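Have a look at the structure below, then the notes.
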Amino acid sequence: MTTKQKEKNIVPDEAVMDKIYYIREQKVMLDRDLADLYGVETKRLKEAVRRNKARFPKDFMFQMNKKELENWRTQFASSNNDRQGLRYAPFCFTEQGVTMLSCVLNSERAIAVNIRIIRIFTRMREMMLTHKDILLKLEQLETKTSRQDGEIKKIFEYLKKLLNPPKEPRVLIGFNRKDEKQNSSAS
Numbered sequence: 001m002t003t004k005q006k007e008k009n010i011v012p013d014e015a016v017m018d019k020i021y022y023i024r025e026q027k028v029m030l031d032r033d034l035a036d037l038y039g040v041e042t043k044r045l046k047e048a049v050r051r052n053k054a055r056f057p058k059d060f061m062f063q064m065n066k067k068e069l070e071n072w073r074t075q076f077a078s079s080n081n082d083r084q085g086l087r088y089a090p091f092c093f094t095e096q097g098v099t100m101l102s103c104v105l106n107s108e109r110a111i112a113v114n115i116r117i118i119r120i121f122t123r124m125r126e127m128m129l130t131h132k133d134i135l136l137k138l139e140q141l142e143t144k145t146s147r148q149d150g151e152i153k154k155i156f157e158y159l160k161k162l163l164n165p166p167k168e169p170r171v172l173i174g175f176n177r178k179d180e181k182q183n184s185s186a187s
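Take 1 as the starting number for the sequence shown in my numbering and just add one per residue.
Rendered as structure tokens:
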């Protein structure tokens, strides 16, 4: 069994992706979800983080404030109680914070799970960049199309004029009889 196969057996991609949240305009994972993935208690994970506080600056980890916690809770209406098993606001770890956790939780499982999580974060970043490129191209096409719409309308107007010319009185060609000349000149 290769290393990648072992990693996939430890944590499926979907299990990790379902636990990535967008808080404070950042992709983060919560302490309880990471503890679950690492196979440790949340309490132990938090203890390890507190013992190594210097390794987790604010851009690596932060604690949810009350407003963020309430907002996060409302996303899970199916929960039995309003706390969802939370006594304290969870720690939120950015991609760099998750990487730092492998140094703090120095177990084989933590390292393997971290490698998996980092690869998923990287893949998500690549997908977002691809989507941004696609959106940019769509916007460019829309702008180009709207400019061309006006030009296409003008072309259709010219075509309609060519296909349906205005009706002007026709000049009759041929011989006129003497009595017709008098009627046409009298009118």
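Heads up, the beta-carbon is just placed ideally off N, CA and C, and yes, glycines get one too. Predicted model only: the values in this text are computed from it and were never measured.
Exposure label - residue i; buried when at least 16 CB within 10 Å
| i | result |
| --- | --- |
| D13 | exposed |
| L190 | With the chain covering 1 to 187 only, the question about residue 190 has no answer from this structure. |
| T145 | exposed |
| R24 | exposed |
| F91 | buried |
| R50 | exposed |
| M128 | exposed |
| E126 | exposed |
| D82 | Because D82 carries a pLDDT of 43, less than 50, the predicted location of this residue cannot be relied on, and no value is offered for it. |
Cβ-Cβ distance between residue i and residue j below 8 Å
| i | j | result |
| --- | --- | --- |
| R116 | V16 | yes |
| K27 | F121 | yes |
| N65 | A89 | yes |
| T42 | A35 | yes |
Rounded Cβ spacing between residue i and residue j (contact assumed at less than 8 Å)
| i | j | result |
| --- | --- | --- |
| V113 | L30 | Incorrect: roughly 14 Å between the Cβ atoms, too far for contact. |
| R55 | V104 | 6 Å |
| K19 | D33 | 4 Å |
| Q96 | F60 | 5 Å |
Which residues DSSP lists as bridging residue i, in chain order
| i | result |
| --- | --- |
| F62 | C92 |
| Y21 | V28 |
Element boundaries [beta strand (DSSP E), containing residue i]
| i | result |
| --- | --- |
| Q26 | 26–30 |
| I173 | Counting along the chain, I173 falls outside any beta strand (DSSP E), and DSSP gives it neither H nor E. |
Residue i - containing alpha helix (DSSP H), residue span
| i | result |
| --- | --- |
| F121 | 108–163 |
| K43 | 42–51 |
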